[in-house]
Amino acid sequence: MSGPIATPHVPPPDIVRCAYMELVVTDLAASRAFYVDVLGLHVTFEDADTIYLRTLEEFIHHNLVLRKGPVAAAAVAAFRVRTPADVDAAESYYRELGCRTERRKEGFVKGIGDAVRVEDPLGFPYEFFFESTHVERLTQRYDLYTAGELVRLDHFNQVTPDVPRGQKYLEDLGFRVSEDIRDAAGTTYAVWMHRKQTVHDTALTGGDGPRMHHMAFATHEKHNIIAICDKMGALRISDRIERGPGRHGVSNAFYLYILDPDGHRVEIYTQDYYTGDPDNPVISWDVHDNQRRDWWGNPVVPSWYTEASLVLDLDGNPQPVIPRTQSSEMAVTVGADGFSYTRGDPEAHGFKLGGQL
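Take the position in the sequence shown, starting the count at 1, then add 1341; the result is the number in this note's numbering.
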């Protein structure tokens, strides 16, 4: 996991979007209560060891797999590709990179067909697939719609010791940068990258890794997020609210971070923006600007920088976590959240304290 990652000579797979995550959980009943009874995800299938869940607008089999196991971890982050041939392309691409791959024509989980799983150059477990069982899209099932309805899987966020190295690898894979966080010397601390036409399908955050920082589900409106907060308060589980609600500077999205019974972090997310034009501009944020993480300037709790889920190799064993050796973002950011600046001079925007200029 050190040194530059070569660019393969074969073309990368054409990735459409992030599609699902498989999580290992230690108490399946507790996880079901959290994801189904609290967050309202819809059950596609379940048995004694596994639960398959999807969001309201999804038509493929699932967006989340909960699998019972001894160690809580992220087993795979799965991406849908554009054609069946792109599964072949993914296998060839990662083999040329020298990565371990495993191909199953029948799929690794229920509802997914021919797929390849890889241990990528950063140590993350990725899956690429095209074939999926179609299920009922619940868009007009207003009888099922709840006040905090989750409508789409939006993105993953990955923790890695070397963000620039990971950015180059993901750009070679076809991802484009929407926003990043840098310092005056040009060091990149985090980067947001997309395939679908939103701010990101995945992001890289600097820190000890490989670990999975969070997965994110989208809602239609801000009030859906507020409803989730109200529900968690009513159920006396507000201690599972780690951060927010608030509005990000990066992505402009309204957000909430919550923790499932195993400590897996889930973001609820809404109102980012379109990035589909070929000349969509990249937005760079100063790492000392305390509005980049929270537009209102609220400090970020230290656990958000330090805690994340383990990830598994293809044998189901936790990947070793490698410490970040360069100046860590946590050292810069947690301190900066206490005393850094907000962006710009308010008078430059036509305002002064006490009223408009």
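All residues carry an ideal CB built from backbone N, CA and C; glycine is no exception. A quick note: this is a predicted structure, and the numbers were derived from the prediction, not measured.
Gly1448 to Glu1387 span [Cα, whole Å] | Annotation: Gly1448 to Glu1387 spans about 17 Å, alpha carbon to alpha carbon.
Separation of Glu1512 from Ala1672, as counted between CA atoms | Its pLDDT being 46, under 50, Ala1672 is placed unreliably in this model, and the value from its coordinates should be taken loosely. Separation of Ala1672 and Glu1512 (C-alpha to C-alpha, rounded to the nearest whole angstrom) is 27 Å.
If Thr1546 sits next to Phe1497, beta carbons under 8 Å apart, how far is it from one beta carbon to the other, in whole angstroms?
-> No, Thr1546 and Phe1497 are not in contact; Cβ-Cβ is about 11 Å, not under 8 Å.
List the endpoints of the continuous alpha helix (DSSP H) containing Glu1520.
-> Counting along the chain, Glu1520 falls outside any alpha helix (DSSP H), though it belongs to the beta strand (DSSP E) covering 1517-1523.
Under 8 Å Cβ to Cβ from Trp1636, same chain only, skipping five residues before and after it: list those, please.
-> Excluding its 5 nearest sequence neighbours in each direction, Trp1636 has C-beta neighbours in its own chain below 8 Å: Gly1587, Arg1588, His1589, Gly1590, Asn1593, listed in chain order.
Ala1431 and Pro1354 closer than 8 Å at C-beta | A distance below 8 Å separates the beta carbons of Ala1431 and Pro1354.
Cβ shell of Glu1670 (< 6 Å), same chain only, five flanking positions each side left out | At Glu1670 the pLDDT is 48, less than 50, meaning the model places this residue with poor confidence; the figure from the coordinates comes in the next sentence. Within the same chain, Glu1670 has close Cβ partners Tyr1530, Gly1547.
As assigned by DSSP and simplified to three states, the class of Cys1440 = Cys1440: coil per DSSP, three-state reduction.
Straight-line CA distance for Leu1407 to Ile1663?
-> Linking Leu1407 to Ile1663 through their CA atoms gives a straight-line distance of about 26 Å.
If we count the other Cβ atoms within 10 Å of its Cβ and call it buried at 16 or more, is Ala1347 buried or exposed?
-> The C-beta of Ala1347 has fewer than 16 other C-beta atoms within 10 Å across all chains shown, which makes the residue exposed.
Along the beta strand (DSSP E) that carries Gln1499, what are the first and last residues, could you check?
-> Membership of Gln1499 in the beta strand (DSSP E) is indicated by the continuous run 1493-1501.
When the distance is taken between beta carbons, is Lys1563 closer than 8 Å to Thr1611?
-> Against a cut-off of 8 Å, the Cβ pair of Lys1563 and Thr1611 comes out as a contact.
Which same chain residues, not among the five before or five after Arg1493, have their C-beta less than 6 Å away from its C-beta?
-> Cβ within range, chain order: Thr1396, Glu1398, Ala1559.
Do you know how far the Cα of Asp1390 is from the Cα of Arg1552?
-> A straight-line Cα-Cα distance of about 24 Å links Arg1552 and Asp1390.
Inter-stretch contact (C-beta, 8 Å, three-pair minimum) for the region 1564-1582 and the region 1504-1522 = The answer is no - the region 1504-1522 does not touch the region 1564-1582, with fewer than three Cβ pairs under 8 Å.
Please determine if the region 1474-1484 and the region 1433-1440 are in contact, where contact requires at least 3 C-beta pairs separated by less than 8 Å.
-> With a cut-off of 8 Å, the region 1433-1440 and the region 1474-1484 do not count as touching, because too few Cβ pairs lie within range.
If Arg1517 sits next to Arg1358, beta carbons under 8 Å apart, how far is it from one beta carbon to the other, in whole angstroms?
-> Not a contact, Cβ separation roughly 13 Å.
Mapping DSSP to helix, strand and coil, what is Asp1580?
-> The DSSP-derived three-state label of Asp1580 is helix.
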